[in-house]
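Student:
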Amino acid sequence: MRQNYSRRQLLGGVAAGTVAGLAGCVGDDDGESGGDGDRGEYTIVPYMDPSPTGSPTWERWSGMTSYWTRVVEPLVWGTGDMQPKPWLATDWEATDDTTWVFELREGVTFHNGQEMTADDVVHSFEEDILTEYGDFVYGWLHLEPGSVEKIDEYTVEFNNREPFAGFPGTIAHNFIDIHPPEANPYDGNVIGTGPFTQAEVEDGRVRVERFDDYWGGDVHPGALEFRAAEDATTRTSMLEGGEADIILDPAKSRVSSLRDDDSVRVETAQSSGSNFVSINIYREPTDDARLRQALNYAVSQEEIVNSVLEGIGIPARGPVSTVIDWAVDDELPAYERDYDRARELIEQSTYDGETLSMLVENEMDDGESITQILQNDFQEIGVSVDIEVLESAAKNDRTDRGEFHLDVGGSQSNSPAADYIMWENFHSLGIDNIDLYEEEGTGLHNLGGEVDELIETGFQSPDPEQTRDVYVDAQRRIMEEGVVIPLFYQEYVVAMNDSITGIDLHPIDRLIEWRTLEG
Amino acid sequence: MSGAASLRRRFLSPLFDRYESLYRSRRVRVFLSNPLNVIGLVTVSILTAAAVFGPIVAPYDPTTQDLANRLQPPSLAHPFGTDQLGRDLFSRILYGARLSLGIAVLVTGIRLILGTTIGLIAGYAGGLIDEALMRLVDIQLAFPGIILALVIAGVLGPSLRNVMIALAVVGWASYARVVRSSVLSTKEREFVKAAQLMGVSRTRITLRHLVPNAASPVVVLATLNLGTVVLATAGLSFIGLGAQPPTAEWGTMLNSGRHHLREAWWIANVPGVAIMLTVFGFNLLGDGLRDFLDPKHEASVEKPT
Amino acid sequence: MRRYLGYRVVTSLIVMFGVSVVTYGLIFLTPGNPAEVILNQQLERPPSAAEVAAFEAEQGLNEPFPIQYLDWLSDVLRGDLGTSYYGDHEVSALILNELPYTLELAGAAMLVALALAVPTGVLSAVHQGTWIDSTSQFGALIGVSMPNFWLGYLLIFALAIRFDVFPVAGAGSLMHLLLPAIALGTGMAAVLTRLIRTSMLEVLEAEYIDHARSKGLCERIVLYKHALRNALLPVVTIVGLQFGSLLGGAVVIEIVFQRPGVGTLLVDSVFDRDYPIVQGITLLAAIVFVLTNLLVDLSYNYLDPTVSLGGETA
């Protein structure tokens, strides 16, 4: 444009566009590390976003705000070995097959100063949990609206739909929290019984503050800030840079250098989670047990753990983490890597060179590396596999329709009662299998028949011995048939400033107690 | 006369005639005298060679894992080191070159054909057809490129194929505009009017006159586009919408490499440099071609799509 | 001129209409049944046939496309961009919530770009043909060729990890803003440098500069006062028009630096199949571009009808 521009044009020619927004300080003291002894403030970075973009309010039943923050609490807690432990309820008893009577703890104060009574429990269940979430909850808790009744000021009765021995352990979950009618968690007005109260919720940041009248004892920290950093590498950098005091699950590749760092302490705990490859046993050619066993023989769990996982994790022989009392490792058949044996089995099987599809979720930690190692292993024995990294919606779509062969994933229990891992994954009426079972009589990972019966017995039996025997039997059969390829039992890692003390790790990382944090 | 020969005479010869005379002309010497142009030409040549011969020359298979030797720094055995699964980075880069260049050529080709066709029709037909087609162009241009490609690729599902579709759909409009511009000016010229009067068919006019005149800006645009498509493919793969493992694609490699920046910086940085050099080369070459083909051009600004 | 105004307004309206149709229609590219996919995500389990039907009825997904489109359009025209499939947040509220972060980033990036480009471009023009010129052109080309996400990680690595000068991620203060702004602004700087250089060159050749010189003004004043000011005019308009591309870059940079913003919202929503949000953002981006274009063209036309318009933006 060869023109002479006059001043008028200059003034008039400004286009719409940018706003030089230099202001934008949201005004938080980032980088504040705690460590003033008592009443300090600590910045904690878990692996989930505490306040995902797009919904800067307290996430009632998704996201992580119910977890980790210790603002709301359930009736029952979990011990280090995954047993139900009295919490807001002091005692419970099964008065008959389908009825539980719970005694409540007296003198528990809510954040708004009121005392917790049976009315609050009934309200929490009847007017919130059971009404807002429908079918899903009924199946999970085996409760329906109208099944929770107040007996007296501190006693509540629960009526299960069918016998459910795992009820107390199942409600030991942060989503099943007790709150008064004045609270409106859907609106951000969160009132709980925990050692911390909700203070601020913003994009990627949740702040909670000390609650002086906590029933469970003295609360040491003054406040906690939970921040978002879903990327493991970013979290680790934040710890190293002093922006965070405690992080969960640092980047695996940095763990050894963190261990070498004197200013950082690294603690690990085996969690209730385990990773394994679920095989679609109703789709050719993985419907042939010999192929599945061959795949098992091709994989070396030790190699995976020692390489991409940098030693964090325990090579597995079964699908359920050994932290859970009825999960056993040494009673299950061992598929040590044996390429020759694997190739023999392939010969005998119906496998004819088809390419199998292997799905993995894009957010699974190290998922890509693990699947590539598996693909390599399978190639060694002559089985070709196609990897598809999908986001969870798309992956669920495929698994629902049974359009896959291998599903790399796992299971984790967020409450002490882990029975549902067996049910949902391996029973014909479990969530994974029920649709296809009802439509076509098939399913995905359910052997059916006797295995179904075993799982049912375990689920309903009040006798822990019997439950254990039955579940072990079921797991053995599952492994003999090669329904899954176990990978590893998860260890979760917490890295923190060396000065910090008072953290108690729990197999369920979401139940870590921060109340006694000091440093 | 045989079909092939007549085709050659009608279509290829006119094009060739124009450029043959330039071959030894002053312009070529001017082109080669600018070091930037030479750098661009050389870079692109190296890239093309890597893409064509790379897989033959590569010392390792790009997917061969060696877990015992993961995260190794560059050495004689592995000139670019190994990645987090022990794969040779150098081989993966070579295979990645073929992939990136192949995708770039394909996507640019589709954009070019689609855009040129629309531009030709719009320019030549004029009137309402022109208006309608130009509105279509405006619509495409209204969406920021990455965003539209991201949405399309996301909706279709993550895969390189869908990324290619998305990028092809998102970038043809520039060609249409440029070609139309050229057609509008060419068709007013005397010899075209004369041809029309003589009853020469529209197709023939298009092929003999309109296309060759539009060729210059299109060639420049396409060259620049090759670079931006490589960048866009890498970007979408980085977000997670493109190549699936274990594909050796530069953007994907950068993405997996960023977790190891501390202890194995080469995994992320080598693909980064590769992408940069590729785009750089195409940019230089494109600029040089622009000066070469049309020394009187106006400065145009584009932020690549 | 009036006719031109009318023409431009009408064509802009047509384009906006087309944009809305395309935006709305995008979700129909989804393989599979969108309702099933979304419900599956929401409930974290496969939905029953009844639930799918209910969801479809509720969201109007079982109507024919034109009707769905018109429904949506009538809502949009009233300012209602729909509600997210997850929870009941209104799309417009969600976008407004994230917008400040992105605008902040874009603005800062633009400032960085100008801060880099203006001196470089001017120096290049003034010393045209020398090594200064070549070097800065070279540098500009490097800037435009570098993948901005790579640059982002390099900056994080160098300045946030190695040297601990800046925070690693997030938003909330000026320090959080600087590295992302640099990563995003560099590419833009490269483009602007070339433009400023060309623009300066043209202006420096223009006659009135000679005229100013003949008045005996000191060379420097001539340069800075007259040339620069006038050279910047096309730059200013280009800056506004490049905003769309800046937004595209912001998407990637927000991910790299884990910043909240419209880009992060978009990517998350695409992965979550939360289509109302995806549609809302895409539509807004395009509409803003069209309107900006219209404004720029009209103001040019108003101020100087001899300026040629509708020419090339290759």
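Chains as they are written, first to last, in numbering that gives the first Met the number 0: chain A, 0 to 518; chain B, 0 to 304; chain C, 0 to 313. All residues carry an ideal CB built from backbone N, CA and C; glycine is no exception. These figures come from a predicted structure and were not determined experimentally.
Which whole-angstrom value is the C-beta distance of Gly64/A and Val205/A, which I expect to be below 8 Å?
Tutor: The residue asked about is misnamed: residue 64/A is Thr in this sequence, not Gly. The pair is a contact, with the Cβ atoms about 6 Å apart (cut-off 8 Å).
Student: Beta-carbon within less than 6 Å of Thr263/C's beta-carbon, same chain only, minus the 5 sequence neighbours each way: which residues are those?
Tutor: Correct list, in chain order: Glu253.
Student: Residues in the same chain with beta-carbon distance under 6 Å from Trp76/A, minus the five sequence neighbours each way, listed in chain order, please.
Tutor: Answer for Trp76/A: Lys84, Trp86, Ala171, listed in chain order.
Student: Along the chain, which unbroken stretches of the alpha helix (DSSP H) at least 4 residues long are found entirely within the region 395-466 of chain A?
Tutor: DSSP runs (the alpha helix (DSSP H)) wholly in the region 395-466 of chain A: 418-425, 433-439, 448-459.
Student: What are the boundary residues of the beta strand (DSSP E) that includes Asn496/A?
Tutor: That run of the beta strand (DSSP E) goes 483-496.
Student: Taking only beta-carbon atoms, is Arg91/B less than 8 Å away from chain A?
Tutor: Chain A, which has no Cβ nearer than 8 Å to the Cβ of Arg91/B, makes this no.
Student: Can you pull the DSSP bridge partners for Thr354/A?
Tutor: Thr354/A pairs with Ser383/A.
Student: Look at the alpha carbon of Ser236/A and the alpha carbon of Val167/C, and state the distance between them as a whole number of angstroms.
Tutor: Using only the alpha carbons, I get a separation of about 7 Å.
Student: Can you name, in chain order, every residue of its own chain whose Cβ lies under 8 Å from the Cβ of Asp472/A, other than the five neighbours on each side?
Tutor: Result list for Asp472/A: Leu453, in chain order.
Student: Do you know how far the Cα of Thr107/B is from the Cα of Asn224/B?
Tutor: Computed Cα separation, rounded: 7 Å.
Student: In terms of alpha-carbon separation, which member of Phe15/B, Ile238/B, Ala3/B lies closest to Val210/B?
Tutor: Considering only alpha carbons, the answer is Phe15/B.
Student: Whole angstroms are fine: how far does the CA of Asn295/A sit from the CA of Ala88/A?
Tutor: Cα to Cα, the separation comes out at about 45 Å.
Student: Which residue's Cα is closest to the Cα of Gln67/C: Leu183/C, Gly248/C, Gly128/C, Tyr23/C?
Tutor: Nearest of Leu183/C, Gly248/C, Gly128/C, Tyr23/C to Gln67/C, Cα basis: Tyr23/C.
Student: List the residues of chain C that Asn282/B touches, going by C-beta distances under 9 Å, in chain order.
Tutor: Near Asn282/B (Cβ distances below 9 Å), the residues of chain C are Leu140, Val143, Ser144.
Student: What is the rounded straight-line gap between the Cα of Asp35/A and the Cα of Arg209/A?
Tutor: Any answer about Asp35/A is weak, because its pLDDT of 38 lies below 50 and its placement is not dependable; what the coordinates show is given next. Roughly 15 Å separates the two Cα atoms.
Student: For the region 192-266 of chain B, list the beta strand (DSSP E) runs that are entirely contained and at least 3 residues long, ordered along the chain.
Tutor: Whole beta strand (DSSP E) segments, 3+ residues: zero.
Student: For Trp325/A, collect the residues of the same chain with a Cβ closer than 7 Å to its Cβ; drop the 5 residues on either side in sequence, then sort them by chain order.
Tutor: So the qualifying residues of the chain are Thr466, Arg467, Tyr470, Val471.
Student: Does Gly309/C pass the burial test, meaning 16 or more other C-beta atoms within 10 Å, or should it be called exposed?
Tutor: For Gly309/C, the predicted structure reports a pLDDT of 43, less than 50, and the residue's modelled location is therefore unreliable. The matter cannot be settled from this model.
Student: Can you name, in chain order, every residue of its own chain whose Cβ lies under 6 Å from the Cβ of Val8/C, other than the five neighbours on each side?
Tutor: Result list for Val8/C: empty, nothing under 6 Å.
Student: How about the region 108-121 of chain B and the region 166-173 of chain B: do they share at least three Cβ pairs that are nearer than 8 Å?
Tutor: The answer is yes - the region 166-173 of chain B touches the region 108-121 of chain B, with three or more Cβ pairs under 8 Å.
Student: DSSP three-state call for Ser158/B: helix, strand or coil?
Tutor: Coil at Ser158/B, not helix or strand.
Student: Determine, using beta carbons only, whether Gly401/A and Arg282/A come nearer to each other than 8 Å.
Tutor: Taking 8 Å as the Cβ cut-off, Gly401/A and Arg282/A qualify as a contacting pair.
Student: Can you give me, in chain order, the residues of the region 356-390 of chain A that have a beta carbon less than 7 Å from any beta carbon in chain C?
Tutor: From the region 356-390 of chain A, only Glu390 have a Cβ closer than 7 Å to chain C.
Student: Sort Ile313/A, Gln374/A, Phe195/A, Glu346/A by Cα distance to Glu512/A and report the nearest one.
Tutor: Checking every option, the nearest Cα to that of Glu512/A belongs to Phe195/A.
Student: When DSSP builds the beta bridges, which residues end up paired with Asn274/A?
Tutor: DSSP output for Asn274/A lists Gly409/A, Phe487/A as bridge partner(s).
Student: Touch check for the region 312-328 of chain A and the region 481-493 of chain A: three-plus C-beta pairs under 8 Å?
Tutor: Counting Cβ pairs under 8 Å, three or more are found: they touch.
Student: For a contact defined as C-beta to C-beta under 7 Å, what are the partners of Val150/B on chain C?
Tutor: The answer, in chain order, is Leu25, Val269, Val277, Thr281.
Student: For a minimum of 4 consecutive residues, which ranges assigned as the alpha helix (DSSP H) are wholly contained in the region 275-302 of chain C?
Tutor: Entirely contained in the region 275-302 of chain C, not one alpha helix (DSSP H) run reaches 4 residues.
Student: What number of angstroms, rounded off, separates the C-alpha of Pro216/B from the C-alpha of Thr222/B?
Tutor: So the two alpha carbons sit approximately 10 Å from each other.
Student: Would you kindly work out how many angstroms separate the C-alpha atoms of Gly33/A and Val263/A, rounded to a whole number?
Tutor: Bear in mind that a pLDDT of 41 at Gly33/A, under 50, signals an unreliable position, so the model cannot answer this.
Student: Taking only three categories from DSSP, how would you classify Gly519/A?
Tutor: Residue 519/A is absent from the structure shown; chain A starts at 0 and stops at 518.
Student: List, in chain order, every chain B residue whose beta-carbon is nearer than 9 Å to that of Val307/A.
Tutor: What Val307/A touches in chain B: Leu66, Arg69, Gln83, Leu84.
Student: Give the range of the alpha helix (DSSP H) segment to which Asp137/B is assigned.
Tutor: Here the alpha helix (DSSP H) through Asp137/B covers 126-141.
Student: I'd like to check one pair, Gln82/A with Pro519/A: are the Cβ atoms closer than 8 Å?
Tutor: Absent from the structure is residue 519/A, since the part of chain A shown begins at 0 and ends at 518.
Student: Can you name the residues that DSSP bridges to Glu114/A?
Tutor: Per DSSP, Thr108/A.
Student: Quick one, which of Arg179/B, Val278/B, His77/B has its alpha-carbon nearest Asp129/B's?
Tutor: Ranking the options by Cα distance to Asp129/B, first place goes to Arg179/B.
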